[in-house]
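Read through the structure below, which is laid out as structure tokens, and then see the notes.
Numbering (this note's numbering), first residue to last: 35 to 99.
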């Protein structure tokens, strides 16, 4: 299953990496890809959307499922 969340505050490639790493650490995530231009992250797996948003916010960005 693919979940797409909105992520605000990414300004560079390092930001994308940080968001991807935070999302991959969430239980149930098999892969994550962040796109700063689209202000979105796509997440593969069966993780809860609330947990995904929380992980991104804990990493210092604004997120919404």
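Think of the CB as a built atom: it goes at the ideal place given N, C-alpha and C, for glycine as much as any other residue.
Is residue i helix, strand or coil when you go by DSSP?
i: residue 91; result: helix
i: residue 52; result: helix
i: residue 84; result: helix
i: residue 79; result: strand
Measuring only the C-alpha atoms, how far is residue i from residue j?
i: residue 92; j: residue 57; result: 10 Å
i: residue 89; j: residue 40; result: 13 Å
i: residue 65; j: residue 84; result: 17 Å
i: residue 35; j: residue 70; result: 22 Å
Quickly, what does DSSP pair residue i with across the bridge? List them, please.
i: residue 60; result: None; residue 60 has no bridge partner.
Would a check of beta-carbon distances place residue i closer than 8 Å to chain C?
i: residue 79; result: Considering every chain present, this structure includes no chain C. It has just one protein chain.
Since residue i and residue j are thought to touch, with beta carbons under 8 Å apart, how far apart are those beta carbons, to the nearest angstrom?
i: residue 77; j: residue 63; result: 6 Å
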